[in-house]
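Protein chains in written order, with my numbering: chain A, 1 to 206; chain B, 1 to 206.
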């Protein structure tokens, strides 16, 4: 099962002042990210959100932590784990949903900015629940009594190209290309299962 | 052949004042990137490099352009295209050299910061000559009269997992794992070449 909870650094009562401040500050970050001319600093964010800079400093500490919080909230619970009845169908749906998400300029700006300032913490926030979602898909295939690729292999074959293409290139993330990633992963697995002289090891999950 | 020239936004006479300023400013950026407490702004960079901030603004315009210039210079001509006699050998050498490079905390800090501020231009600067190097390896295999994967497929199977793991996770980039990426790519190609019922298309270069 995918984890549906995300680390929440600060307590907030839903609907309370704390929640309203958080929503306003998150929205200000998102607005500023789409405006290339703006600097992303705590005073600028605070001013746009209509709160005191000290409130933002007290709650998030630094722009890196604030961006990681926005990214964590953005990339949690956003993609539903598909259940199409087959591993291929699930992975195709998942890959094309993620491709669509990463194509969104707002998403991409948030990922890039968070990576840029957030170090390890920012990187983890940008991944969000992606690994857990993939794991849920793979575990469902295992429950069907079928062999399935490992999580590491699936990450290398599906998640990595999607993120690399979005963040490092300006090539389009089309559904057709995303489906091809799935085909390659699955034909790779089949080839390994039927080719005893294959040089690759630890391909299949135990 | 890999391109050995990189876009040079400003003219500089080797050894002249212009070259010395560029070297000092680049070094200041690298130093500041390793110091997490420092802010990376043009005034801070200029002060550390011992030059006027206006000199830096006039030459680079923004911190994003400056970072992209540092990244372009850092990721040009740094990895020699291997020539081991086989495609597998070349790709293994290449992948493990790149894994080693991306493991360097200084490299990673530069990539993350450049991605964070540089948009498309920064992303291109971080890739550097990687695609051209892979293309040179693939073209050499073609010159040997052998079938080889496409550049797109090789990018998805080798470059993407290396960059994704380095930038988005804190898992180690080991040589063994890098070799496995090559094995998967090549067994995938062989599987497709011998399996007429493969669902994947356009696997092999024409």
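Where a beta carbon is used, it is the ideal one built from N, C-alpha and C, also for glycine.
Practice item. Can you give me, in chain order, the residues of the region 104 to 121 of chain A that have a beta carbon less than 7 Å from any beta carbon in chain B? Key: Against chain B - using a Cβ distance shorter than 7 Å - the residues of the region 104 to 121 of chain A are 112, 113, 115, 116, 117, 120.
Point to revise | Where residue 161 of chain A meets chain B, residues with beta-carbon distance less than 7 Å | key: Correct list: 156, 160.
Review point. Expressed to the nearest angstrom, what Euclidean distance is found between the alpha-carbon atoms of residue 129 of chain A and residue 184 of chain A?
Key: It is roughly 23 Å from the alpha-carbon of residue 129 of chain A to the alpha-carbon of residue 184 of chain A.
Review point. How would you label residue 175 of chain B, buried or exposed, when you count the other beta carbons within 10 angstroms and need 16 or more for buried?
Key: Exposed: under 16 other Cβ atoms inside 10 Å.
Exercise for review: Express the C-alpha separation of residue 35 of chain B and residue 173 of chain A in angstroms, rounding to a whole number.
Suggested key: Residue 173 of chain A and residue 35 of chain B: Cα-Cα distance of roughly 35 Å.
Check your understanding: If you count every other CB in all the chains shown that lies within 10 Å of the CB of residue 80 of chain A, and 16 or more means buried, which is it?
Key -> When all chains shown are included, residue 80 of chain A counts as exposed.
Point to revise | Proximity test, Cβ basis, 9 Å: residue 169 of chain A and chain B | key: The beta-carbon of residue 169 of chain A is placed less than 9 Å from the nearest beta-carbon of chain B.
Exercise for review: Could you confirm whether any beta carbon from chain B is found closer than 9 Å to the beta carbon of residue 187 of chain A?
Suggested key: By the rule that beta-carbons nearer than 9 Å mark a contact, residue 187 of chain A touches chain B.
Check your understanding: Is it true that the CB of residue 33 of chain A sits closer than 9 Å to the CB of residue 106 of chain A?
Key -> With a cutoff of 9 Å on beta-carbon distance, residue 106 of chain A and residue 33 of chain A are scored as near each other.
**Study point:** chain A contact residues for residue 57 of chain B, given Cβ-Cβ distances below 8 Å
**Key:** Simply none; closest approach about 15 Å.
**Study point:** Three-state secondary structure (DSSP) of residue 211 of chain A
**Key:** Because chain A here runs from 1 to 206, residue 211 of chain A falls outside it and cannot be looked at.
Check your understanding: Do you know offhand how far residue 89 of chain B's Cα is from residue 155 of chain A's?
Key -> Roughly 24 Å between the two C-alpha positions.
Practice item. Give the secondary structure of residue 82 of chain A by DSSP, where H, G and I count as helix, E and B as strand, and everything else as coil. Key: In the three-state scheme derived from DSSP, where H, G and I count as helix and E and B as strand, residue 82 of chain A is classed as coil.
**Study point:** Below-9 Å beta-carbon distance, residue 127 of chain A vs any chain E residue
**Key:** Looking at the structure shown, chain E is missing, and the protein chains on hand are A and B.
**Study point:** residue 71 of chain A vs residue 114 of chain A beta-carbon contact at 9 Å
**Key:** Going by C-beta atoms, residue 71 of chain A is nearer than 9 Å to residue 114 of chain A.
Review point. Would you say residue 19 of chain B faces chain A, with C-beta separation under 9 Å as the test?
Key: With 9 Å as the cut-off, residue 19 of chain B does not count as an interface residue toward chain A.
Review point. Hey, does residue 144 of chain B have any beta-carbon neighbour from chain A nearer than 9 Å?
Key: No, no contact with chain A.
Point to revise | Nonlocal neighbours in the same chain, by C-beta distance under 8 Å from residue 31 of chain B, ignoring five residues either side | key: 48.
**Study point:** Secondary structure of residue 40 of chain A, DSSP reduced to three states
**Key:** Coil.
Review point. Looking at the C-beta of residue 164 of chain B, does it have a partner C-beta in chain A at a distance below 9 Å?
Key: Interface residue (Cβ-Cβ distance to chain A less than 9 Å): residue 164 of chain B is classified as such.
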